[in-house]
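Protein sequences appear in the order of chains Z, B and H.
Just so we're aligned: 186 in the numbering used here is position 186 of the first sequence, and the numbers increase by one with no gaps anywhere.
Just so we're aligned: 388 in the numbering used here is position 41 of the second sequence, and the numbers increase by one with no gaps anywhere.
Just so we're aligned: 757 in the numbering used here is position 65 of the third sequence, and the numbers increase by one with no gaps anywhere.
Notes follow the structure.
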Amino acid sequence: MNTSIPSGVWRLQLGKATVLLHRRTWLMTLLMLVTLLLLFVLSVSIGSADMSMREVIATLGGQGSKLHEIMVYKIRLPRVTGVVVAGLAMGMAGCLIQTLVRNRLATPDMVGVNEGASLAVIVFALYLTLGSWPWWASPLGAALAAVALFVLCRRPGEQGYLFIIIGIAISELFNAVGEFAMSTQPLTHLGSVYLWTMGHFAHVSYQTTQPITLILLALCPLMALINRPLALLRFGDATARNLGVNVPLVQLGILGLAILVASLGTAIGGPVIFVAMAAPILASWLTRDNLAPIWLAALCGAVMLMGSDILVRVLAQPNEIPTGIMTRILGGFLLLFLLIKDRQWSD
Amino acid sequence: MVKTAINLPTHQWALLATGAALLTALLMLSMATGAGVYGAAQVFGYFRGDAALLADDKLAMIIHTLRMPRTLAALLVGGSLAVAASLLQSATRNPLAEPGLLGVNAGAVMGLVIGLIYFGVESTQGYLVWSSAGALLGNLVVLGIGLMLGQASPLKLILAGVALSAVFGGLSNYLLLANQTALEQFRFWNLGSLSASELDAVRIITPVVLVALGLAAMLCRQLTLMQMGDSQAKALGIHTTRVRIGVLVASTLFTACAISLAGPIGFVGFLAAYCARLVEPVKLITQMVFSALFGMLFLLAADILARWAIQPFELPVGTLLAAIGAPVLIAIVLRGGFRSLLTVR
Amino acid sequence: MTVLQVRNLQFGYHQKPVLHDVSFSLPRGKLIGIVGPNGSGKSTLLKLLAGQLPLQQGEVDIQGQALASFSTKALARQLAFLPQRPVMAEGIRVEQLVQYGRHPHQGWFNQWSAEDARQVARARDIMQLEPLWQRIASSLSGGQAQRAWLGMILAQNTDLILLDEPTSALDIGLQTEVMESIRHITTENRTVLIVIHDLGMAARYCDELIALDEGRVAAMGPAREVITKALVDRLYNTNVDILAAPDDGAPVIVPRRRTS
């Protein structure tokens, strides 16, 4: 058997550098990109006044009517781009956390980070208002929750379930406080905050999406760098260290990165739970490998969130139901399915 | 050991007596606490039969429509959630189980929401019926999953609870958002509060709780034996399926009663059942007695605190319990009570 | 220059001392076994030498260079370590597992080279992994999985290899198979240090033994010299006879029964 190149791989030789491209991974990446584009156009086309997909493409190309241009550029595009960026972020964060905790059932949503982010935004939006939407409060709140979590549970890799249980307790706590904070105000006063806390993208503006996208782009090289040691962490701390990975540093880095990215994704439209859990699972399933690369998980996150968004808008017409509710329901079912699938019969 | 008809070690009798005394004290405190000008003196005067106070309509109203129903509800809800938690913990062999964390509360809420929105339910009986339906569904799924997962993955059961809460909660929210008026009423209630307790509701729900308690008491012995595992229990002649169905019914009734009275309250069941297990690690019937006692104590104390802490406003007791219960849960888990569970994949 | 030298090593966990003043140097190209009763500090010693635990007191030199001076990746090129119960990632094939062994020699811009291919092929041949090459690693049986792990270790191509109880959970047939593979590794002038539970296996296969007793070196040297009735009885609180194996005279330990 010829093992000069590992099987299923393309080798890219650029001068003296050799980079490996796993064939299946890149094919799937392409597939997800195409799917995302299709969903993108589809999403822009639906709404209070439906447009056909062809009209949407025409408008995007500068050939649409004035009315269509307003609808697309002023109303729908901000929402849809917000959904895409949030989905990308959640996919990335989920991939990082799942590898770190070595557990498919792990997700940033279940470690209290989302609730912390949410609570911070609620506090700033309702009580310490500063005018514009306080999306930056999200990473702050998330950091607070993360510090609490880290202080309580030092080694997320070796104690996966401890991490999750403490995270659940922290989320319950923040959730209760956040809901209470909102309950003191009448619904009308709450405005869009209430819907935001359930994951709602209708009022997303470029003011929020733009800085977040830039930050995420800036983080991309870091994530690319981390992909290889990330793959080795799957084998446990001892083996990873044996293969030359500086385990404590990488773990801390991954955790921090995951929480930052998750909180950025949350800041856009509010917490959309379970996307971070489901996206890496879909990515792995596509590549038939247990660890799909971060960018593929990100794409899957975007595709899933887009799908949920479209679904909820179609099903609930003419009401505006937050997208997060759809991800919650579907994600809950997925989690139940995963739990039952891996069961071991006993007794 | 103090010899009586019921065999309990002395320290447990002492604890029981102390608990009862504490409960009485809290009952009185609960009657004396609240917004308004009526303090302990007036309330006790009222009960002692002081003519002047008896004639005071406002005092009578406060006592009969606000404080007494609330206090009694606290007893019912605290006791119900605690005993339900003990039952669930025993049936799933999972020390973290309770209706809140396992998503059963969420199921009951969803049932109630469906009843409220689609069937215009308004009476206590109606609430009971619909929240029972929801709780039943939640319990079915959770106990079913518990059966499938076995003892190998006790923490996966908690995750199943998270999943169920998400599904039920999501569905509830979905239905409510399409119905703005219902949403406004629902928001505060969803945090768990005893402020809307009514004497009529208490009167209707008390017999249901007693029936559930009776059922739970009957299941105790068999459940205790089932701790050894299904095959051993069957060898001793226990119908494990029947016992599980009994647990299902009892837990459903308890949860539905608690939800109908006060909305979803988490953590109190877990805390009470945990403390009960510290007192009596083996005999389930004793555990349940202590569990009910602790549940009543905790909830009553929390409710008093909720009324007192930010006077003249009121904290929802569910929020307060989450704020206290979550750190306690973390502390317990970190301490190592569940170390053996946490190493399982 | 010895491949590994240890001087005055002390180590403790949470105020509980585990190793006391351990010193030795390892001869090159041999299979050395660390033996001793439960709790004598064997695993701890190995982990310290592998850089898995931080040094507290004492010095460890790898190829004449202080252990503490190596970066994680540089150390990974000098020694390979296999823990007692290695975690197998789901869904990867044996081929990929062995390839991961090349990680310490690769970089972000140098993800695969001819040398990598050669080492992987070599490891595959030595460990006879050809029939298992495309199998999912987590589906392998105990003995097969252990060979796959050893394949990864071999692909790392280090002079020093540390193995923590590589045969613990295996039956006697698989144990001998794995020990034979391990012996084969030393033929290339590599040094292998293993913690081994089974004294009999250690006596049979190891060139030299280090016997630990409550964190101290009780004896060190060729197996025939170390395995004496006196030592075994003292260390393990037993009553044994030492016989000579029929084919090569290696020590065979036979416990005496207390009752007949």
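C-beta: ideal position from N, C-alpha, C; glycine also.
Here the structure is a predicted model, which is why all the values come from computation and not from measurement.
Residue i and residue j look like a contact to me (Cβ under 8 Å); what is the Cβ gap, rounded to whole Å?
{"i": "I877 of chain H", "j": "I853 of chain H", "result": "7 Å"}
{"i": "A421 of chain B", "j": "L541 of chain B", "result": "6 Å"}
{"i": "V111 of chain Z", "j": "S263 of chain Z", "result": "Not a contact, Cβ separation roughly 12 Å."}
{"i": "S735 of chain H", "j": "D856 of chain H", "result": "6 Å"}
{"i": "P416 of chain B", "j": "E545 of chain B", "result": "5 Å"}
{"i": "L344 of chain B", "j": "L406 of chain B", "result": "In this structure chain B extends from 348 to 692, so residue 344 of chain B is not present and cannot be described."}
{"i": "T429 of chain B", "j": "A620 of chain B", "result": "Here residue 429 of chain B turns out to be Ala, not Thr, going by the sequence shown. About 6 Å separates the two Cβ atoms, so the contact holds."}
{"i": "D933 of chain H", "j": "K722 of chain H", "result": "So it is not a contact: roughly 27 Å between Cβ atoms."}
{"i": "A847 of chain H", "j": "V884 of chain H", "result": "With a Cβ gap of about 15 Å, A847 of chain H and V884 of chain H do not count as contacting."}
{"i": "A597 of chain B", "j": "N319 of chain Z", "result": "That belief does not hold up - the Cβ atoms of A597 of chain B and N319 of chain Z are roughly 39 Å apart, past 8 Å."}
{"i": "G462 of chain B", "j": "I325 of chain Z", "result": "With 8 Å as the limit, G462 of chain B and I325 of chain Z do not qualify as a contact, their Cβ atoms being about 20 Å apart."}
Relative to the C-alpha of residue i, which residue among the options is closest?
{"i": "F801 of chain H", "options": "Z:S183, Z:L190, Z:E115, Z:R228", "result": "Z:R228"}
{"i": "V869 of chain H", "options": "H:A847, H:V884, H:M893", "result": "Residue 869 of chain H is actually Glu in this sequence, not Val. Comparing Cα-Cα distances from E869 of chain H to each of H:A847, H:V884, H:M893, the minimum goes to H:M893."}
{"i": "A623 of chain B", "options": "B:I606, B:G642, B:G672, B:P611", "result": "B:G642"}
{"i": "S205 of chain Z", "options": "Z:R79, Z:L336, Z:T99, Z:C300", "result": "Z:R79"}
{"i": "G447 of chain B", "options": "B:G425, B:Q359, B:P554", "result": "B:G425"}
{"i": "F274 of chain Z", "options": "Z:I254, Z:Y127, Z:I212, Z:P108", "result": "Z:P108"}
{"i": "L771 of chain H", "options": "H:Q744, H:D905, H:E822", "result": "H:Q744"}
{"i": "F174 of chain Z", "options": "Z:F150, Z:R76, Z:G116", "result": "Z:G116"}
{"i": "N730 of chain H", "options": "H:V924, H:E906, H:M912", "result": "H:E906"}
{"i": "A564 of chain B", "options": "B:F637, B:A653, B:T528", "result": "B:F637"}
{"i": "W133 of chain Z", "options": "Z:V193, Z:M90, Z:S183", "result": "Z:V193"}
{"i": "P938 of chain H", "options": "H:M912, H:I724, H:R896, H:R699", "result": "H:R896"}
{"i": "L225 of chain Z", "options": "H:L821, H:Q803, H:G793", "result": "H:Q803"}
{"i": "P659 of chain B", "options": "B:T371, B:T380, B:G366", "result": "B:T380"}
{"i": "P221 of chain Z", "options": "Z:G269, Z:W295, Z:H189, Z:E172", "result": "Z:W295"}
{"i": "P719 of chain H", "options": "H:L824, H:S761, H:I784, H:Q697", "result": "H:Q697"}
{"i": "Q757 of chain H", "options": "H:T694, H:V727, H:P796, H:T850", "result": "H:T694"}
{"i": "Y385 of chain B", "options": "B:L370, B:L373, B:D404", "result": "B:D404"}
{"i": "T266 of chain Z", "options": "Z:V84, Z:L30, Z:L42, Z:R313", "result": "Z:V84"}
{"i": "F163 of chain Z", "options": "Z:L105, Z:I259, Z:C153", "result": "Z:C153"}
Is the Cβ-Cβ distance between residue i and residue j less than 9 Å?
{"i": "M351 of chain Z", "j": "A283 of chain Z", "result": "With chain Z covering only 1 through 347, there is no way to say anything about residue 351 of chain Z."}
{"i": "S377 of chain B", "j": "I679 of chain B", "result": "no"}
{"i": "Q811 of chain H", "j": "E787 of chain H", "result": "no"}
{"i": "T99 of chain Z", "j": "A278 of chain Z", "result": "no"}
{"i": "F180 of chain Z", "j": "L538 of chain B", "result": "yes"}
{"i": "S427 of chain B", "j": "T602 of chain B", "result": "yes"}
{"i": "M306 of chain Z", "j": "G87 of chain Z", "result": "yes"}
{"i": "I505 of chain B", "j": "I321 of chain Z", "result": "no"}
{"i": "V272 of chain Z", "j": "T327 of chain Z", "result": "yes"}
{"i": "V468 of chain B", "j": "W477 of chain B", "result": "yes"}
{"i": "R234 of chain Z", "j": "F773 of chain H", "result": "no"}
{"i": "G244 of chain Z", "j": "K739 of chain H", "result": "no"}
{"i": "A453 of chain B", "j": "S519 of chain B", "result": "yes"}
{"i": "T35 of chain Z", "j": "T209 of chain Z", "result": "no"}
{"i": "M871 of chain H", "j": "A829 of chain H", "result": "no"}
{"i": "T599 of chain B", "j": "S437 of chain B", "result": "no"}
{"i": "F391 of chain B", "j": "M375 of chain B", "result": "yes"}
{"i": "F617 of chain B", "j": "I671 of chain B", "result": "no"}
{"i": "L459 of chain B", "j": "G485 of chain B", "result": "no"}
{"i": "G725 of chain H", "j": "I886 of chain H", "result": "yes"}
{"i": "M575 of chain B", "j": "T587 of chain B", "result": "no"}
Every unbroken alpha helix (DSSP H) within the segment 527–597 of chain B, with a cutoff of 4 residues, ordered by chain: 527–536, 546–573, 577–582
Minimum length 4: unbroken alpha helix (DSSP H) runs contained in the segment 293–321 of chain Z: 294–315
Touch test, the segment 88–99 of chain Z against the segment 121–128 of chain Z, Cβ-Cβ under 8 Å, three pairs minimum: no
Cβ pair count under 8 Å reaching 3, the segment 915–932 of chain H against the segment 737–755 of chain H: no
Contact between the segment 697–709 of chain H and the segment 183–201 of chain Z (3+ Cβ pairs under 8 Å): no
At least 3 beta-carbon pairs within less than 8 Å: the segment 54–74 of chain Z vs the segment 176–190 of chain Z: no
Contact the segment 330–339 of chain Z vs the segment 510–520 of chain B: 3+ CB pairs below 8 Å: yes
Within the segment 706–736 of chain H, ranges of the beta strand (DSSP E) (whole runs, at least 3 residues): 708–718, 723–727
Whole alpha helix (DSSP H) elements within the segment 878–920 of chain H, 4-residue minimum: 891–897, 915–918
Segments assigned beta strand (DSSP E), at least 3 residues, entirely inside the segment 229–294 of chain Z: none
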